[in-house]
Amino acid sequence: SFKMASDSPESLMTLCTDYCLRNLEGTLCYLLDNETLRLHPDIFLPSEICDKLVNEYVELVKTDSIFEPHESFFTLFSDPRSTRLARIHLREQIVQDQDLEAIRKQDLVELYLTNCEKLTAKSLQTLVSFSHTLISLSLFGCCNIFYEEENPGGCEDDCLVNPTRQVLVKDFTFEGFSRLRFLNLGRLIEGVNVETLLRPLASLAALDLSGIQLNDVGFLTQWKDSLVSLVLYNMDLSEEHIQVIAQLHKLRHLDISRDHLSSYYKFKLTRRVLNLFVENLVNLTSLDISGHTMLENCTIPSMEEKMGQTSIEPAKSSIAPFRGLKRPLQFLGLFETSLCRLTHIPAYKVSGDKNEEQVLNAIEAYTEHRPEITCRAINLLFDIARIERCSQLLRALQLVITALRCHKDDKNIQVTGSAALFYLTNSEYRMEQSVKLRRQVIQVVLNGMESYQEVTVQRNCCLTLCNFSIPEELEFQYRRVNELLLNILNQSRQDESIQRIAVHLCNALVCQVDNDHKEAVGKMGFVMTMLKLIQKKLADKTCDQVMEFSWSALWNITDETPDNCEMFLNYSGMKLFLECLKEFPEKQELHRNMLGLLGNVAEVKELRPQLMTSQFISVFSNLLESKADGIEVSYNACGVLSHIMFDGPEAWGICEPHREEVVKRMWAAIQSWDINSRRNINYRSFEPILRLLPQGISPVSQHWATWALYNLVSVYPDKYCPLLIKEGGIPLLKDMIKMASARQETKEMAR
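Under the working numbering, the sequence shown is numbered contiguously, ending at residue 1084.
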């Protein structure tokens, strides 16, 4: 059978790491003074495990809203004698100065700090303690790491107004970082002298200066014999820059791409510039020129271009300068350039906007550090998934999930990503998706709903959830999904379409689930929320899907769940029932849903006295004659009355209508129903019906119960015969046939 890559189970290492992080106290640690985490003294962990613990911790804090971060987590790794760290990747607000400080004794080889905006110049000093071992360092987007706080002198009052000023650190350099080879300074703040900062580094192999503006990059030539990778994304280029780049003869990867929407940009790429690169950078295997405008014609004449089979051979290249390449490039970035639409492109992987393959390559290449580009690429994927068919579905899904996880706080990515997910998870793609992958989709969708109250994200997320089998596929996040949906429904201002989808989802979630689930959701305020929605609709005099779904959801959540039935009564549910009946006399679906729910309430002995009023009994009796929705409304009304009759004449605490009169109307109703009626109802258990069999107090209740069983087992034998046997219905029926008080026609039916 076709097995998907993403369907293999997680490794034992991953499962253990995850378990330990979620249960630190019960596994690796104990709590000191009830607040500080401490490692058990007999624990010694190598870097393979410690790196994974730290990196996974960062992931969990970022992507799992239920996971609680620990103030003292990083102190667990303060002593290299018991825990070793080598390669760690920290991101965003999760990391503060004291966290890096806590691990300063570790011999780190690789340290990636991505968008860690809380780090200040204190952390620059901590970096020095890793200087003798560090090979790889990224400070991408750490916009405050070169700032320190300075206490201004002078009067007390002034200190109150401005307790700290941010001052740029000018004297830090990479002096002493003797092993540093790979450095990413992307989005470094203005004012730091890059040349002075880098000068002490003996032999740089890779340098990323994304988003930094430097008029003079001549200093790069000091590494012309070692630099193999250079990224100058969004740097304003000039002829001088090009001349310097052409001298870096060891380069294998060059990225001079730009975001063409970011700012006005004078520089245009020419045929001459590309020729210069091809001639001088003979080791080049990867080049990114995305977002550039091409000034003079870099392409070969179109007649020649269209000819022959698509080829990646440099000799046939549609881009003239690339005919000089010795071999095809591994990667060529042409996103948002005219060149990506050409026929013969001499590269194994191309990022662009021409087709699905190019778009997926773009999302893959730019997700981590360029959300602004990724967002536009995902938008293109959205169009492909919506209009055509995705041919690389699993890869597309995986990439969108990664982008949504990586940029949880980027609204644009959340909007386009959640929209793309809706089309990528719909039914035509269903077969190709593993359980694991579909769970990952659900996780990122819920993250989006949690982080954004914004209408588009909420709608996209709710719509995407509708592509799943509910409740089964959402069971593993049951509480969280319900909380989020109730949250949406409790907002004072609501978008109609979101409200409709959310109520539909709520209804589906409480249909066919265990009672403990229903009780839990009841405690979250589910009953109250639905009644509020009904109240609003009543006030507007509208009976729409929201109204019907809300009653249906109440019917489902009260099924064999007495606590929820009681809540329904306590929050004036009966008042709303009567008002809806009066306001919408013709709405059959609505009547069925409301009576189904009251059937559940009537099954609870302790609550039946509350139904025992002249007004309610008259209403139920009149509904016995209803022809709404086939027999459903009449059947449910008769069910409610059957349970009330079962409590005997002494429980009949009203003068009007008389008990005998109601009994007569019940017999007449049951005799009018077609025994072969197909049903709009779903029983998970016959227990509430079976309890009406072994009694002589109310023969009509006995008859209703027998009719119900007879109808269900004869119209749906495969489903209901096993249930009747399993729940001990056969001996109960046999005993009833022998009872003197039972009516002859009831016995016939039982037989």
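The C-beta atom is built at its ideal place from N, Cα and C for all residues, glycine as well.
Rounded to a whole number of angstroms, what is the C-alpha to C-alpha distance between residue i and residue j?
i	j	result
R812	Y1053	31 Å
V494	V428	Residue placement at V494 is poorly supported in this model, since its pLDDT is 48, which falls under 50; the coordinates still yield a value, given next. Between V494 and V428, the C-alpha separation is close to 28 Å.
P485	L530	Because P485 carries a pLDDT of 49, less than 50, the predicted location of this residue cannot be relied on, and no value is offered for it.
C353	C898	41 Å
P379	F901	57 Å
L516	L534	10 Å
T643	S650	10 Å
W1006	I1070	22 Å
F979	L822	39 Å
A718	A729	9 Å
R605	D621	17 Å
L386	K438	18 Å
L1065	N1044	17 Å
R1172	D892	In the structure as shown, the chain begins at 334 and stops at 1084. Residue 1172 is therefore absent and cannot be evaluated.
K953	E805	According to the sequence provided, residue 953 is Phe. The question's Lys does not apply to it. Going by the C-alpha atoms only, they are around 36 Å apart.
D512	L540	Reading off the sequence shown, one finds Arg at residue 512, where the question assumed Asp. If I take the Cα positions, the gap works out to 14 Å.
P634	R771	47 Å
I678	A579	22 Å
L617	N800	45 Å
S967	Y1049	20 Å
D1139	E358	Since the first residue of the chain shown is 334 and the last is 1084, residue 1139 is not available in this structure.
S751	P918	41 Å
A935	S1047	26 Å
A538	L409	33 Å
T758	R371	44 Å
I1030	G981	6 Å
E939	C988	22 Å
Q948	N955	11 Å
K960	A984	29 Å
Closer than 7 Å by C-beta to residue i: which residues in its own chain qualify, once you throw out the five before and the five after it? Chain order, please.
i	result
H850	Y811
F407	D432, A435, I436
Q832	L822, V879
G1108	Nothing can be reported for residue 1108: it is not among the residues displayed for the chain, which extend from 334 to 1084.
A753	I711, L714, F715, A718, V733
D686	F668, E669, C673, V692, L713
T369	S405
G855	I890, T894, D896, N897, M900
A648	R656
E697	L732
Just to confirm my understanding: we take residue i, look at its own chain, exclude 5 residues before and 5 after, and list those with CB closer than 8 Å. What are they?
i	result
L1013	Note that residue 1013 is Asn in the sequence shown, not Leu. Around N1013: R925, D962, G963, E965.
C631	L602, T603, R604, L607, I652, A653, P654, L672
T453	D430, N477, I478, Y480, E481, E482
How about residue i and residue j: do their beta carbons lie closer than 9 Å?
i	j	result
S543	L560	no
I468	V502	no
Y681	F715	no
D430	F463	no
D592	I746	no
D569	K599	yes
P990	I1022	no
V500	E482	yes
T350	I382	yes
Quick one: residues in its chain with C-beta nearer than 6 Å to the C-beta of residue i, no 5 flanking neighbours on either side, listed in chain order?
i	result
M927	W884, F910
H586	S562, S619
M863	S883, A886, L887
Y445	H422, S471
E1078	none
Just to check my reading of the structure: residue i and residue j have Cβ atoms closer than 8 Å, yes? What is that Cβ distance to the nearest angstrom?
i	j	result
T554	V577	6 Å
M857	L819	6 Å
L308	I803	There is no way to answer for residue 308, as the model of the chain reaches only from 334 to 1084.
P1032	R1076	5 Å
V683	L658	Rounded, the Cβ-Cβ distance is 14 Å, inconsistent with contact.
I977	L923	The pair is not a contact, with the Cβ atoms about 22 Å apart (cut-off 8 Å).
Could you say which of the options lies nearest to residue i if we only look at CA atoms?
i	options	result
E572	S596, D558, L607	L607
S1034	V995, S1047, C794, N1015	V995
L581	T603, N613, K601, L570	N613
R722	H702, F610, N688	N688
H702	A1073, A736, R420, Q1028	A736
L518	C913, S975, L547	L547
Q786	L807, G750, E808, R826	R826
L457	F479, N448, T447	F479
A1073	P1027, K1059, W1037	P1027
For residue i, verify whether its CB is less than 8 Å away from any heavy atom of the ligand NAD.
i	result
C362	The model on display carries no ligand, and the ligand NAD is accordingly not part of it.
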